[in-house]
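Asker: Structure provided below as structure tokens; questions to follow.
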Amino acid sequence: MSDFTDVKEPTSLLHAPKAPEEFSQGPILDTFNDCADLMSPTYWVTEAYNAVFGYNPLDEVVQWFAGDWESFAKCGDVWDQFGKAVAAVSDNVEAGNKTLDITWDGRAGDAAYKYFFELAGKLDEVKDQFDKLKTEYDHLSHAAYSTAEAIKGFLGGIIDGLLITAIEISAGTLLSWTGIGAAVGYGLAALEVANMLRLWAKATEAFGNAQAIVNGAVGVIETIAATLYGSLSTFPEVGAYDHPEPSI
């Protein structure tokens, strides 16, 4: 029986999950910290974003990305580890089955070989589903992070515009008694508003594209999960032993 030794150690493949490298700088919402610093609620900045959007665009973006995306991203690593551990168990079963085939002849030995052969195949099916889950979770995590980075760029332009608009509105208001001052201040502000609306349209489009990816992936993940559940629920069973002598 000493020949029946494992060729791999499945538990050695399990460890604390890690998030993808792009999350190493912190949670996804930290991406917008610089923007928050610039969006200090001064009177004129508040007036500017209320006039243009009717709300604070940074608050809106934070709501878009609310949630623990870092933990979600770590799930991809968990599925990967599960897949590798299951594959290691399958390798051990296959190795043991080869030894079994050499040392056990007869109908019972053949039945045992068939059982362990099917068991290893079922474990390989489970491993494949874990690999698919890893792929989808990694894809979603990357989509969320890259979208946040893109929107941060658009938001930076919007905040620059809000700061300029705040100055121009305040200048137009303070110099409104001259007539010319008001025309210049409010006129320049209108140009900034048009640019901000363009940037906001790009930001919402980027988020919409990411949302479409998420919606599509949810369906894929549900299908994978159903297949995985089916695989885990239909492991081969040990068949009844039929002795060649009917009386036994």
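For the record, in the sequence shown the residue sitting at position 14 is 14 according to UniProt numbering, with numbers rising by one throughout. Just so it is clear, CB atoms sit at the ideal spot from N, CA and C, and this is done for glycine as well. All values derive from a computational prediction rather than experimental measurement.
Grab me the residues of Thr99's own chain with a C-beta within less than 7 Å of its C-beta, minus the 5 sequence neighbours each way, in chain order.
Answerer: Asp3 and Phe4
Asker: When you compare the CB positions of Tyr115 and Val7, do they come within less than 8 Å of one another, or not?
Answerer: No. Outside cutoff.
Asker: Look at the Cβ atom of Trp69, then the Cβ atom of Ser146, and state whether they are nearer than 8 Å.
Answerer: no
Asker: For Lys127, which of Asp110, Phe82 and Gly96 has the nearest alpha-carbon?
Answerer: Phe82
Asker: Alpha carbon to alpha carbon, what distance is there between Val78 and Ser231?
Answerer: 19 Å
Asker: Report the option in Asp80, Thr165 and Thr103 whose CA atom is closest to the CA atom of Ala51.
Answerer: Closest by C-alpha distance to Ala51, out of Asp80, Thr165 and Thr103, is Thr165.
Asker: Going by beta-carbon coordinates alone, are Lys74 and Ala148 separated by less than 8 Å?
Answerer: no
Asker: Counting along the chain, where does the alpha helix (DSSP H) carrying residue 249 start and finish?
Answerer: Shown here, the chain extends from 1 to 248; a query on residue 249 therefore has no answer.
Asker: Just reading off the alpha helix (DSSP H) that residue 285 is part of, what are its end residues?
Answerer: It is not possible to answer for residue 285, since the shown part of the chain is limited to 1 through 248.
Asker: What is the rounded straight-line gap between the Cα of Tyr137 and the Cα of Gly67?
Answerer: 15 Å
Asker: Going by other Cβ atoms of all chains shown within 10 Å of its Cβ, with 16 needed for buried, is Leu162 buried or exposed?
Answerer: buried
Asker: Indicate the three-state DSSP secondary structure (helix, strand or coil) for Phe14 in the structure shown.
Answerer: The residue you asked about is not Phe; residue 14 is Leu in the sequence shown. Coil at Leu14, not helix or strand.
Asker: Under DSSP, the alpha helix (DSSP H) around Glu60 begins and ends at which residues?
Answerer: Pro57 to Trp64
Asker: So, Asn97 versus Phe72, is the Cβ gap smaller than 8 Å?
Answerer: no
Asker: Let's test the definition: count the other Cβ atoms within 10 Å of the Cβ of Gln129 and tell me whether it reaches 16, buried, or not, exposed.
Answerer: buried
Asker: Report buried or exposed for Trp104, applying the criterion of at least 16 other Cβ atoms within 10 angstroms of its Cβ.
Answerer: exposed
Asker: Taking buried to mean at least 16 other C-beta atoms within 10 Å of its own C-beta, is Tyr229 buried or exposed?
Answerer: exposed
Asker: In angstroms, rounded to a whole number, what distance separates the CA positions of Ile224 and Glu192?
Answerer: 48 Å
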